[in-house]
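Here is the structure we will look at, set down as structure tokens.
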């Protein structure tokens, strides 16, 4: 298969496995999704105070692992976050946060690729990697300092398991601002609401 970039859509999530570094993916699928009415809140701080947002987490990404759901070929990533600070002081200090998009092997999404191409893939093609990018958001990397607004993950009955509603990144890791602004975080892409601030202080969400 030639290297390519295509557009796709997502469906409901569940658990899966496997991955590769996004910078070396052989293919890219650009996923675009509409956001619900809650994202019309006038600021991120107001959004984080709504009922669906059960916690705000500041910490470091300790590990990532991909998830693939069939049917529908939903690709997501679980971020394991070592929590430094959080709004809910009673929550665990290690959190698992599920977010849309990720890098997987073609073998994991074989049915989706074969359906679009109309032919069977070879073993070599199945070993290639594909980057599912949701709304242009850069994937989190191990070592990133992150600030995440989260909802409970209803698919996992575990304490400390969440779904990401909004994720920002800080300096001193893979991206964001300089180390001189340790409490400031920026968007790893466009903000969900263009009216929201481009740089957020962790204090405003706690």
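In full-length UniProt numbering, the protein residues as written are 1 to 206.
Where a beta carbon is used, it is the ideal one built from N, C-alpha and C, also for glycine.
Since this is a predicted model, take the numbers as computed values, not measurements.
* **residue 116 versus residue 110: straight-line alpha-carbon distance, rounded** => 10 Å
* **Inter-stretch contact (C-beta, 8 Å, three-pair minimum) for the segment 55–69 and the segment 78–85** => yes
* Among 37, 88 and 31, which has the Cα closest to the Cα of residue 73? -> 31
* For residue 101, which of 155, 143 and 28 has the nearest alpha-carbon? -> 28
* Among the residues of its own chain, which have a CB less than 8 Å from the CB of residue 114, if the five just before and after it don't count? -> 120 and 121
* Asked: Below 8 Å between beta carbons: does that hold for residue 162 and residue 97?
  -> yes
* Asked: Do you know offhand how far residue 185's Cα is from residue 25's?
  -> 27 Å
* If residue 205 and residue 48 are in contact, beta carbons under 8 Å, what's the gap, nearest whole angstrom? -> 5 Å
* For residue 121, three-class secondary structure by DSSP -> coil
* Asked: Going by C-alpha distance, which of 160, 142, 192 and 128 is nearest residue 89?
  -> 160
* Opening and closing residue of the beta strand (DSSP E) in which residue 79 lies -> 74–86
* Asked: Would residue 34 be called buried (16 or more neighbouring beta carbons within 10 Å of its own) or exposed?
  -> exposed
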